[in-house]
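Protein chains in written order, with our numbering: chain A, 26 to 374; chain B, 8 to 532.
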């Protein structure tokens, strides 16, 4: 399947003797630089959709609504940071609801709250994120050690996370009285909530990891051609585990952020974020087959999804329609993304 | 190792140490002896060609040399030292590296990353990329081979030829691991290149010789002779000899590759079409008429097949014959051309239409394309025509059972039961079930057989041959892509030679008047 050039060869094959001495370098196609349509598509779509809503709704184009959109995107952006690395590898991660739930309850019980005398402050946040990273690590280990597909392991870990959260919840909702954690959702810096700045920091960290760390580059390479890594003497298993661990940490932080917004620890803190995050990543151009896209792509996707949600409400579309619309968008986006790779009798699973 | 006492005033002169030596290498897979005592010597600073037909053991040998296959017996010596290669890293430590047949670069990384992949050294410190160092390391490699590729270009934006350069630059990284000249193995490096690019590659290979030994594998014998100093030939997992490239002709090499023609009862037979032709002199309309068929890898292919005739298509790797075969089944898109089956235009838009028109296809990859391994013999046999044979969307078990049992008996398929999973059968019996799939349908008019005997042992092969003859005898038109030239000659009534996507020659092969492999080779290369 990989030899489109073969038909054109054959004619005029000289014996190599006269080419031996000095060789006129064969004309090389210039390496394509710049941005392809595939990469440019989502940002263009973002601008267009933003423009359309701005024209349609005077409420939409206010500064305070733009602030709202950014604040509303914060939690999803952090979850998407985590899931993007997993998707880049060509795996999938459905564990965010469980991991976020576990971390939400954990942090609520460790900072000042109405259930116990703990008051760990930032340390409580760190513990919650570490617990989440541990759960993510378990997904990764199950994948590489037991060879269970990531679809199944992460679904299982999600259930484990929810189970842990339910145990700790124990029937009484922990309400947060920690001023720092409450402040994250309320206090603003340059017009944006602290949480939004945290999300921006996550995006920056994610981008640095993707661009400058071996972990990030190998995650990208695993999605591109995993066998090649093995043939180059690279052991991929540790990197896979590390990616799932890192993803878990991001979900944990997202769980903390939800707790900050709600002022209480909820088992259901992460409900629906698995699907939203995958939607955002795919809409932004991080393909499910792996090896394409990245953090910035996914972040554009997050903004697209959030702008769409916000804009549809602003122009008067019933919120009851939202779920269905989001579902259609993800299927349409995936279909658009895979068009260049379609061929006859392709196997799709 | 005898020492010549008389004629050596300076007895210190070391005996020539070979860069790489293989002695009596043996490797068996269940049912097949892939390597049966291979000997091979690669001298310092030479380009050694390796030739052999499919299944001669070339790829197993190469894999053993880079530690991807562990041999059952025999020895590998590197520069006079016996080594055991457990992994590709092990091989690299001994200075052996390979450019794989399937391009083995990560497409979405930069050229620089691919070159240093797995041995980044100072390019990555504490897990953090030093892009400048990385680019410098890659640039050093590219300079070695005089390539001007931008190291930071994404690999999938490069041409195939440039990617090949990146691969060579990458494999030369093993020089960092050893102080000796490395051994570089190039497995089918030209298969995706155009002629001009091939020239550049050859210049590169000659340059490599200055500081390395090269093992060069290609299906194209003219290439092998062109670029190599010496050519070693493998056949049936054994070394059958070697020739200096300077005074050998492709035909001579090919004779060594195929050996003497073995007799087989089913070869040299005639099909129904030929026999009936002898009786009636009237020209008949062919059952299958193909005119000007063109696709991505083939152009303007014309082909006629009469009812009851077996037509073989031969050609080297990359001749496009597999794609023609798939296109006739609607599994490969076509750009132009017309196909007429029994006077009716054949719809090539998909496999469904082909099935409905009575075309059957036995794919080359039996395990992945030909059968559903864990499913039963019965289900595999009725896979295509389930909807019409067993009526409706529901399987009617009893009807299916009678039908399947009849065919199991008729083709003497050895299976414990029709409910046995097909993957538990031997290769020959699996292939019979795959063939039976089209016979169950009852109305197959054209059979496309893509390497129907691949991976089968001698006994199973002759059963498939017998079956092919029977089918031809019942009037089925057959297109055969044979596993070997002998098979094509033995089984076909007529042979079409394809070269570079075109059907170039037609050779008659009636019983008693068979062409020799050499006649065909002349047309193929």
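Quick reminder that beta carbons are idealized off the backbone N, C-alpha and C, glycines included.
{"Item": "Is the region 135-149 of chain B touching the region 188-195 of chain B in the sense that three or more CB pairs, one from each, lie closer than 8 Å?", "Value": "no"}
{"Item": "Which residues in the same chain as residue 370 (chain B) place their Cβ atom closer than 6 Å to its Cβ, once the five residues preceding and following it in sequence are excluded?", "Value": "376, 377 and 457"}
{"Item": "Need the endpoints of the beta strand (DSSP E) that residue 35 (chain B) sits in, please.", "Value": "27-36"}
{"Item": "I'd like to know if residue 285 (chain A) contacts chain B, where contact means its C-beta is closer than 7 Å to some C-beta of that chain.", "Value": "no"}
{"Item": "Would residue 249 (chain A) pass as a contact of residue 85 (chain A) if the rule is Cβ separation under 7 Å?", "Value": "no"}
{"Item": "Residue 259 (chain A) touches chain B at which residues, Cβ-Cβ below 8 Å?", "Value": "124 and 125"}
{"Item": "Can you tell me whether DSSP reads residue 4 (chain B) as helix, strand or coil?", "Value": "With chain B represented from 8 up to 532, any question about residue 4 (chain B) goes unanswered, as that position is not in the structure."}
{"Item": "If you follow the alpha helix (DSSP H) that residue 204 (chain A) is part of, which residue opens it and which one closes it?", "Value": "204-211"}
{"Item": "Can you give me the C-alpha to C-alpha distance between residue 48 (chain A) and residue 214 (chain B), rounded to a whole angstrom?", "Value": "Low confidence applies to residue 48 (chain A): its pLDDT is 37, below 50, so where it sits in the model is not reliable enough to give any reading."}
{"Item": "Give the DSSP-derived three-state secondary structure of residue 200 (chain A) in the structure shown.", "Value": "strand"}
{"Item": "Just the Cα atoms here: how many angstroms apart are residue 462 (chain B) and residue 434 (chain B)?", "Value": "7 Å"}
{"Item": "Please go through the region 163-221 of chain B and give each complete beta strand (DSSP E) segment of 3 or more residues, from N-terminal end onward.", "Value": "190-194"}
{"Item": "Would a C-beta distance cut-off of 7 Å place residue 91 (chain A) and residue 278 (chain A) closer than the cut-off?", "Value": "no"}
{"Item": "Quick one: complete beta strand (DSSP E) runs, 3+ long, within the region 294-344 of chain B?", "Value": "295-302, 308-312 and 317-321"}
{"Item": "Using the C-alpha atoms, what's the distance from residue 117 (chain B) back to residue 65 (chain A)?", "Value": "20 Å"}
{"Item": "Could you check how far apart the C-beta atoms of residue 67 (chain B) and residue 34 (chain B) are, in whole angstroms? I think they sit under 8 Å.", "Value": "6 Å"}
{"Item": "Starting from the beta carbon of residue 116 (chain B), find every residue of chain A whose beta carbon is closer than 8 Å, and list them in chain order.", "Value": "242, 245, 246 and 249"}
{"Item": "Using a Cβ-Cβ distance cut-off of 7 Å, determine whether residue 230 (chain A) contacts chain B.", "Value": "no"}
{"Item": "What are the start and end residues of the beta strand (DSSP E) that includes residue 376 (chain A)?", "Value": "In the structure as shown, chain A begins at 26 and stops at 374. Residue 376 (chain A) is therefore absent and cannot be evaluated."}
{"Item": "What's the C-alpha gap between residue 379 (chain B) and residue 422 (chain B)?", "Value": "16 Å"}
{"Item": "Using a Cβ-Cβ cutoff of less than 8 Å, which residues in the same chain neighbour residue 54 (chain A) once the five nearest sequence positions on both sides are dropped?", "Value": "Because residue 54 (chain A) carries a pLDDT of 40, less than 50, the predicted location of this residue cannot be relied on, and the following value inherits that uncertainty. Nothing listed; no residue qualifies."}
{"Item": "For the beta strand (DSSP E) that contains residue 257 (chain A), what are its first and last residues?", "Value": "Looking at the DSSP string, residue 257 (chain A) is not in any beta strand (DSSP E), and its letter there is neither H nor E."}
{"Item": "Between residue 484 (chain B) and residue 313 (chain B), which are expected to be in contact by the criterion C-beta below 8 Å, what is the C-beta distance as a whole number of angstroms?", "Value": "6 Å"}
{"Item": "Does any CB atom of chain B fall closer than 7 Å to the CB of residue 217 (chain A)?", "Value": "no"}
{"Item": "Buried or exposed for residue 138 (chain A), going by 16 or more other Cβ atoms inside 10 Å?", "Value": "buried"}
{"Item": "Roughly how many angstroms lie between the CA atoms of residue 163 (chain A) and residue 182 (chain A), to the nearest whole one?", "Value": "7 Å"}
{"Item": "Interface residues of chain B around residue 254 (chain A) at Cβ under 8 Å?", "Value": "113, 124 and 125"}
{"Item": "Terminal residues of the continuous beta strand (DSSP E) containing residue 346 (chain A)?", "Value": "Residue 346 (chain A) -> no beta strand (DSSP E), and no H or E assigned at all."}
{"Item": "I want to see whether chain A comes within less than 7 Å of residue 134 (chain B), judged by CB atoms only; does it?", "Value": "yes"}
{"Item": "Roughly how many whole angstroms lie between the Cα atoms of residue 278 (chain B) and residue 342 (chain B)?", "Value": "Confidence at residue 278 (chain B) is low in this model, with a pLDDT of 49, below 50, so the placement of that residue should be treated as unreliable; the coordinate-derived value is given next. Approximately 33 Å, taken between the alpha carbons."}
{"Item": "For residue 238 (chain A), which residues in chain B fall below 8 Å Cβ to Cβ?", "Value": "134, 135 and 136"}
{"Item": "Under 6 Å Cβ to Cβ from residue 331 (chain B), same chain only, skipping five residues before and after it: list those, please.", "Value": "305 and 308"}
{"Item": "Could you work out which residue in B:198, B:479 and B:105 is closest to residue 454 (chain B) when comparing CA atoms only?", "Value": "B:479"}
{"Item": "Determine the closest residue to residue 135 (chain B) out of A:236, A:327, A:345 and A:299, with distance taken between C-alpha atoms.", "Value": "A:236"}
{"Item": "Ignoring anything shorter than 4 residues, give me the alpha helix (DSSP H) runs that lie fully in the region 272-325 of chain A, in order along the chain.", "Value": "298-309"}
{"Item": "Run down chain C in chain order and give the residues with a C-beta less than 9 Å from the C-beta of residue 317 (chain A).", "Value": "Annotation note: the requested chain C is absent from the structure, which comprises protein chains A and B."}
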